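What follows is a short report on a single structure.
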Amino acid sequence: MYNGTVFLHGTDTLAYTGSALSFLLEGLQKPVILTGSQISIFETRSDALSNFISSVILAGCNNIPEVCIFFANKLMRANRTTKISSSQFDAFHSPNYPLLAETGAKLVVNQSSLWESTKKSLQVQHSLNPNVILLVLYPTITAAVLNGFLNKSVAGVVMRTYGSGNMCSTCKEVINVLECAVSREVLIVNITQCLHGGISAGYETGEILYTIGVTPGYDMTVEAAFTKLCYVLGFPELSYQKRVNLMKENIRGELTKGENIHKEG
1 MYNGTVFLHG TDTLAYTGSA LSFLLEGLQK PVILTGSQIS IFETRSDALS NFISSVILAG
61 CNNIPEVCIF FANKLMRANR TTKISSSQFD AFHSPNYPLL AETGAKLVVN QSSLWESTKK
121 SLQVQHSLNP NVILLVLYPT ITAAVLNGFL NKSVAGVVMR TYGSGNMCST CKEVINVLEC
181 AVSREVLIVN ITQCLHGGIS AGYETGEILY TIGVTPGYDM TVEAAFTKLC YVLGFPELSY
241 QKRVNLMKEN IRGELTKGEN IHKEG
């Protein structure tokens, strides 16, 4: 029997892997911690050893029943974490959720931020639907370009909009393309392009998206929204509406609904 698991992983897609595992491992009762380094372990100034040692200590000595990322003295919920630097040691950030733990002279675990333990047995989902795309809105996007993205093989879209979830309300042709895709049961999830905060339906330019059936992604990171959508679409037996409902549900601590956005970690 093991107290926990530590994965060593390259940093470029670390947040994607961590987010995916958080959804695939349902009923997790032990810590699964992913870590890596910005500098190779063979280099004198490497951060690899400190990240690895702290990860092992946290995985073996604490009841943390979720998938986490440890980097630069910070333990973060994996599906709340994103990479923010290609060169700094402090390369990962939890913009909308507090840290789970910090290591320094003392190891401090933030018990109130941990995901609640479950009595359910571990269930592993093995299928992710790869037919999901990331779409970033920009001022000159056209309906023709958008149509090129939304071909018949696309099952889901994570759409990154401006600010609190807005887009140009006068771009009628672009909106029509999105509405047509939703009518074909392409699941489109709206998240912000901003690092901090989430989306809000308070503006007319954002409200129009929900009028045509776009699903709110609240304050999910890009990595969490993408992998969760792949996960949800991996259940072919679910109806379209059940998939939509699942995307809006906080199933692994990946989102905060409404305006109650937690301060960063």
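Going by UniProt numbering, the first residue of the sequence shown is number 1, and it counts up by one from there. Glycine included, every Cβ here is placed at the ideal spot set by N, Cα and C. Small disclaimer: the values here were computed from a predicted structure and weren't measured.
Can you tell me whether residue i is buried or exposed? The criterion is at least 16 other CB atoms within 10 Å of its CB, across all chains shown.
{"i": "Leu74", "result": "According to the sequence provided, residue 74 is Lys. The question's Leu does not apply to it. Lys74 comes out buried."}
{"i": "Glu116", "result": "exposed"}
{"i": "Tyr231", "result": "buried"}
{"i": "His93", "result": "buried"}
{"i": "Glu173", "result": "exposed"}
{"i": "Lys152", "result": "exposed"}
{"i": "Gly4", "result": "buried"}
{"i": "residue 341", "result": "As displayed, the chain neither begins before 1 nor continues past 265, which places residue 341 out of reach and without an answer."}
{"i": "Ile69", "result": "buried"}
{"i": "Thr35", "result": "buried"}
To the nearest angstrom, how far is the alpha carbon of residue i from that of residue j?
{"i": "Gly163", "j": "Leu8", "result": "34 Å"}
{"i": "Glu207", "j": "Ala91", "result": "34 Å"}
{"i": "Ile133", "j": "Ser183", "result": "18 Å"}
{"i": "Thr142", "j": "Lys228", "result": "28 Å"}
{"i": "Phe226", "j": "Val158", "result": "6 Å"}
{"i": "Ser127", "j": "Asn147", "result": "27 Å"}
{"i": "Val186", "j": "Ile53", "result": "44 Å"}
{"i": "Leu150", "j": "Ala181", "result": "7 Å"}
{"i": "Ile195", "j": "Tyr97", "result": "Ile is not the amino acid found at residue 195; the sequence shown has Leu there. Those two C-alpha atoms are separated by around 12 Å."}
{"i": "Ser55", "j": "Glu43", "result": "20 Å"}
Please work out which residues of its chain come closer than 6 Å, Cβ to Cβ, to residue i, disregarding the five sequence neighbours upstream and downstream, and give them in chain order.
{"i": "Ile57", "result": "none"}
{"i": "Leu137", "result": "Thr161 and Met167"}
{"i": "Gln123", "result": "Glu26 and Gly27"}
{"i": "Ala105", "result": "none"}
Note down, in chain order, each residue of its chain lying with its Cβ closer than 8 Å to the Cβ of residue i, except the 5 sequence neighbours on either side.
{"i": "Tyr2", "result": "Lys30"}
{"i": "Ile199", "result": "Thr161, Ser164, Gly165, Asn190, Ile191, Thr192, Gly206, Pro216, Gly217, Tyr218 and Asp219"}
Excluding the 5 residues flanking residue i on each side, which residues of the same chain have their C-beta closer than 7 Å to its C-beta?
{"i": "Leu178", "result": "Ile188, Ile212 and Val214"}
{"i": "Glu223", "result": "Ala15, Tyr16, Ser19 and Thr82"}
{"i": "Val108", "result": "Ala101 and Glu102"}
{"i": "Thr11", "result": "Gly36, Gln38, Lys83 and Ala91"}
Can you give, in chain order, each stretch of the beta strand (DSSP E) that sits fully within the UniProt domain "Asparaginase/glutaminase C-terminal" (131-234) and has at least 3 residues? You should have 132-136, 156-161 and 187-192.
Below 8 Å, how does it come out for the stretch 61-73 and the stretch 239-247: are there three or more Cβ pairs, yes or no? By the C-beta criterion, the stretch 61-73 is judged not to be in contact with the stretch 239-247, since fewer than 3 inter-stretch pairs fall below 8 Å.
Is there contact here, the stretch 31-48 with the stretch 209-225, by at least three beta-carbon pairs under 8 Å? Flag = no, the stretch 31-48 and the stretch 209-225 do not touch.
The stretch 13-21 in contact with the stretch 66-86 per 3-pair CB rule at 8 Å: Between the stretch 13-21 and the stretch 66-86, the count of Cβ pairs shorter than 8 Å is three or higher; the stretches touch.
Inside the stretch 76-122 only - beta strand (DSSP E) runs reaching at least 3 residues: The stretch 76-122 contains these whole beta strand (DSSP E) runs: 101-103 and 107-109.
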